[in-house]
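Notes to accompany the following structure.
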Amino acid sequence: MKKQLLFTLILVSITVCSIAQVYEYKIVTVVESIIPNGLGRSRMISANDTRNYKEFTTTQTEDDNDRNKSDRSDIRVKGYDETKLLNFYNLGGIRFQNIAANDAVVNSKINTMAEEGWDLAFVSSAVESDAGRDDSQGIFITRYIFKRIKKK
């Protein structure tokens, strides 16, 4: 009976601690060019500045013709880290060495963030392209969403 009570108390305390935790999130975005001949720009972007989305949000109603009064330039973030990456293509076509190099750089960022206490929570990726018959341009974008317990 005592062991069962002790187990229950431990389980309840673990549950309460996990519910009380507040997380902070950070997004790292990787944009890799799929434009041939090295004409594109590939980068890894990580914002250092923060924004409160509420400052840029309005609620629209059926009879509300008023536009958002906040200036879009206020949304821009000027404090961010930009890491250069290599393009997927060069004059000879797809460049697998560039993909491996980009993977090494992104892996370094993920490992550094893990050392700083961030956990990789989600990964989302997509390709943008005009998809025409002779389509030869677009981007491959990946968002890495990290979380860690918020410091008080």
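In the numbering used here, the protein residues as written are 477 to 628.
From the three backbone atoms N, C-alpha and C, an ideal C-beta is built for every residue, glycine too.
Every beta strand (DSSP E) of 3 residues or more that sits fully in the region 542–593 is shown, in chain order, as 556–561. Between the alpha carbons of K626 and E604 lies a distance of about 34 Å. A distance below 6 Å between beta-carbons, with the five flanking residues on each side excluded, links M589 to the following residues of its chain, in chain order: F622. Short of 8 Å from the beta carbon of G555, and not among the five residues preceding or following it, lie these beta carbons of its own chain, in chain order: A523, N524, D525. Under DSSP, G614 takes part in a beta bridge, and its partners are S605.
A direct Cα-Cα distance of roughly 44 Å separates T534 from A576. Annotation: F598 to Y620 spans about 6 Å, alpha carbon to alpha carbon. Following the DSSP letters along the chain, one finds I511 in no beta strand (DSSP E), marked with neither H nor E. By the 16-neighbour rule on beta-carbons within 10 angstroms, N528 is exposed. DSSP places R519 inside the beta strand (DSSP E), whose first and last residues are 518–523.
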